[in-house]
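Participant:
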Amino acid sequence: MLKILIIDDDPIVRATLKRTLQNQGYETTVASNGQEGIIQAKTLHPALIICDWVMSEIDGLEVCRQVKRDPDLATTFFILLTAKGAAPGEEGERVQGLDAGADEFVSKPIEMNELKARVRAGLRLHQLSQDLKNKQLALEESNRNLEAELAEAADYVRSLLPSPLVGAVTTEALFVPSAQLGGDCFDYYWIDHDHLVIYLLDVSGHGVGSALLSMSVLNVLRSQSLPNTNFCHPSEVLKALNHTFQMSSHGNKYFTIWYGVYHRSQQRLTYANAGHPPGVLLNKDATDIKQLSSLDLPIGFIPNINFEMVTLEIPANTTLYLFSDGAYEVMQPNGQIWDFNGFFDLLINCSHKNNCNLQEILRLIKNSNANATFDDDLSLIKITFN
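Quick note on my numbering: the sequence shown kicks off at 88 and runs consecutively.
1) Can you tell me whether T374 is buried or exposed? The criterion is at least 16 other CB atoms within 10 Å of its CB, across all chains shown.
2) DSSP three-state call for M142: helix, strand or coil?
3) What separation, rounded to the nearest whole angstrom, lies between the Cα atoms of L258 and L451?
4) So, for G172: in the same chain, excluding its five sequence neighbours on each side, which residues have a beta-carbon less than 8 Å away from its beta-carbon?
5) Is DSSP giving N360 helix, strand or coil here?
6) Tell me H350's beta-bridge partners as DSSP assigns them.
7) Which term fits G347, buried or exposed, when burial requires 16 or more other beta carbons within 10 angstroms of its beta carbon?
8) Within 10 angstroms of its Cβ, does G254 collect 16 or more other Cβ (buried), or is it exposed?
9) Classify Y243 as helix, strand or coil using the three-state DSSP reduction.
10) Please specify which runs of the beta strand (DSSP E), each continuous and at least 3 residues long, are wholly inside the region 188-243, giving them in chain order.
11) Reducing DSSP to helix, strand and coil, say where E259 ends up.
12) If you check the beta carbons only, do A361 and Q419 fall under 7 Å apart?
13) When you compare only the Cα positions, how much space is there between R205 and L215?
14) Tell whether a beta-carbon distance below 7 Å holds between F394 and L325.
15) Since S411 and S455 are thought to touch, with beta carbons under 8 Å apart, how far apart are those beta carbons, to the nearest angstrom?
16) Distance, Cα to Cα, K371 vs M302?
17) Roughly how many whole angstroms lie between the Cα atoms of A327 and E227?
18) Just reading off the beta strand (DSSP E) that A118 is part of, what are its end residues?
19) Count the other CB atoms, across all protein chains shown, that sit within 10 Å of the CB of S335; report buried if there are 16 or more and exposed otherwise.
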């Protein structure tokens with residue numbers, strides 16, 4: 088039951104108002120002065136307070152101020168009883184009451200039907216405020232749960248990513264999830280003693296749907312479950328992926344992918360690129376630099392298309408960088424989006440300084456980012472062919 092608190096130093100007014108409101112079915116409490124009223128308000132948390140303006144020691148304005156300053160009482164509907172403001176020249180006093188936080192005024196002598204109507208209206212407004220507050224709290228709780236679930240999902244994605252390689256080929260990798268779960272994924276593994284598979288993919292959009300599609304592709308590639316496909320032949324792999332993951336069957340989501348195979352004994356790299364940012368291949372002193380790009384469409388756009396495949400010689404001490412567009416599509420402090428060329432120059436400068444570990448690159452990317460977090464997942468792989 089909604090509670091009403093009456094604060095008035097006139098015992099006859101208190102008794103009359105209490106009886107009238109109790110007869111209306113309201114739970115009603117009274118206080119005989121401002122100090123007692125403030126204490127009762129903080130104890131009872133009433134939905135509505137009716138308070139006389141003119142009282143000794145603490146008047147109705149001060150009671151109203153203290154009540155409205157309390158966060159637990161901020162939505163309590165406050166009616167001031169007053170003879171003030173009735174005359175045309177006394178609007179200023181009514182303004183005082185509004186500034187103190189009063190929601191409504193009832194003039195003395197009190198017309199009971201008017202009071203009952205204003206009480207009903209005030210309780211409706213209070214209930215609406217409470218409903219909005221409860222919905223806000225529920226929404227905040229839902230958002231906290233969602234953020235926890237997204238963080239858990241990001242941890243799961245991270246747990247599936249490969250461990251670093253050492254030996255003939257060494258790898259470093261970074262995965263920095265955005266505030267929204269995205270669709271980045273990558274892997275590298277020896278498919279046999281002579282062939283190393285390397286790929287990085289990025290599903291369109293954000294959220295659980297993008298992450299699930301990303302994980303589905305990873306599982307298909309890791310288990311080599313594409314039928315009649317030579318996984319050492321990048322163009323075959325992309326054609327099979329395109330056949331399996333058409334947008335029309337996967338929530339209108341597509342993905343870009345860079346997929347390569349390193350042939351260790353021949354020191355050759357064969358790759359295909361379906362709409363993904365170009366890989367960057369450079370020698371030890373960054374005097375020979377190649378962008379491993381492609382004009383082919385992302386996976387899922389059009390069925391039954393062929394993908395271009397390119398083969399390169401890979402001298403010793405050559406490094407390959409693969410990354411998602413989250414590495415360079417960041418908002419700079421000047422309000423401009425950083426682009427691929429800026430990131431490409433960063434890689435070259437780091438190589439010239441012989442300071443191209445991924446943590447340093449990440450630090451420099453963050454320096455270019457005007458925001459505290461990334462708007463998209465950031466994935467970055469460094470593969471060194473020794």
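Every residue gets a Cβ at the ideal spot worked out from N, C-alpha and C, and that includes glycine.
Facilitator: Taking the geometry as given:
1) Numbered from 1 along the sequence shown, position 287 holds the residue referred to as residue 374. Exposed is the call here.
2) Taking the sequence shown and counting its residues from 1, the one referred to as residue 142 is at position 55. Coil at M142, not helix or strand.
3) Walking along the sequence shown from the start, residue 258 turns up at place 171. Walking along the sequence shown from the start, residue 451 turns up at place 364. In the sequence as displayed, the identity of residue 258 is Thr instead of Leu. Answer to the nearest angstrom: the Cα atoms are 20 Å apart.
4) If you number the sequence shown from 1, residue 172 lands on position 85. Confidence is the limiting factor: at G172 the pLDDT is only 45, short of 50, which leaves the residue's position unreliable, though a coordinate-based value still follows. Once the five neighbours on either side are set aside, the close Cβ partners of G172 are E178, E180, R181, G184, F192, S194.
5) Along the sequence shown, read from residue 1 onward, the residue named residue 360 stands at position 273. DSSP places N360 in strand when its eight states are reduced to three.
6) Within the sequence shown, numbered from 1, the residue matching residue 350 stands at position 263. H282, R355, per the DSSP bridge assignment.
7) Within the sequence shown, residue 347 is the residue found at index 260, counting from 1. Looking at its Cβ environment, which holds 16 or more other Cβ atoms inside 10 Å, G347 is buried.
8) If you number the sequence shown from 1, residue 254 lands on position 167. Burial call: exposed.
9) Sequence index remark: in the sequence shown, residue 243 carries index 156 (1-based). Residue state, collapsed to three classes: helix.
10) If we require 3 residues or more, the beta strand (DSSP E) runs fully inside the region 188-243 come out as 191-194.
11) Counting from one through the sequence shown, the residue named residue 259 turns up at place 172. If DSSP states are grouped into helix, strand and coil, E259 belongs with the strands.
12) Taking the sequence shown and counting its residues from 1, the one referred to as residue 361 is at position 274. Taking the sequence shown and counting its residues from 1, the one referred to as residue 419 is at position 332. Against a cut-off of 7 Å, the Cβ pair of Q419 and A361 comes out as no contact.
13) Reading the sequence shown from its first residue, position 118 is the one you call residue 205. Reading the sequence shown from its first residue, position 128 is the one you call residue 215. Near 15 Å, if we compare the C-alpha coordinates of L215 and R205.
14) Reading the sequence shown from its first residue, position 307 is the one you call residue 394. Reading the sequence shown from its first residue, position 238 is the one you call residue 325. A contact, by the Cβ cut-off of 7 Å.
15) Stepping through the sequence shown from its first residue, residue 411 is reached at position 324. Stepping through the sequence shown from its first residue, residue 455 is reached at position 368. Incorrect: roughly 16 Å between the Cβ atoms, too far for contact.
16) On the sequence shown, position 284 is the one that residue 371 refers to. On the sequence shown, position 215 is the one that residue 302 refers to. Rounded to the nearest angstrom, the two C-alpha atoms are 34 Å apart.
17) In the sequence shown, the residue the question calls residue 327 occupies position 240. In the sequence shown, the residue the question calls residue 227 occupies position 140. Distance between the alpha carbons of A327 and E227: 43 Å.
18) Here residue 118 refers to the residue found at position 31 of the sequence shown. From DSSP, the beta strand (DSSP E) with A118 extends over 114-118.
19) Position 248 of the sequence shown, counted from the first residue, corresponds to residue 335. Exposed.
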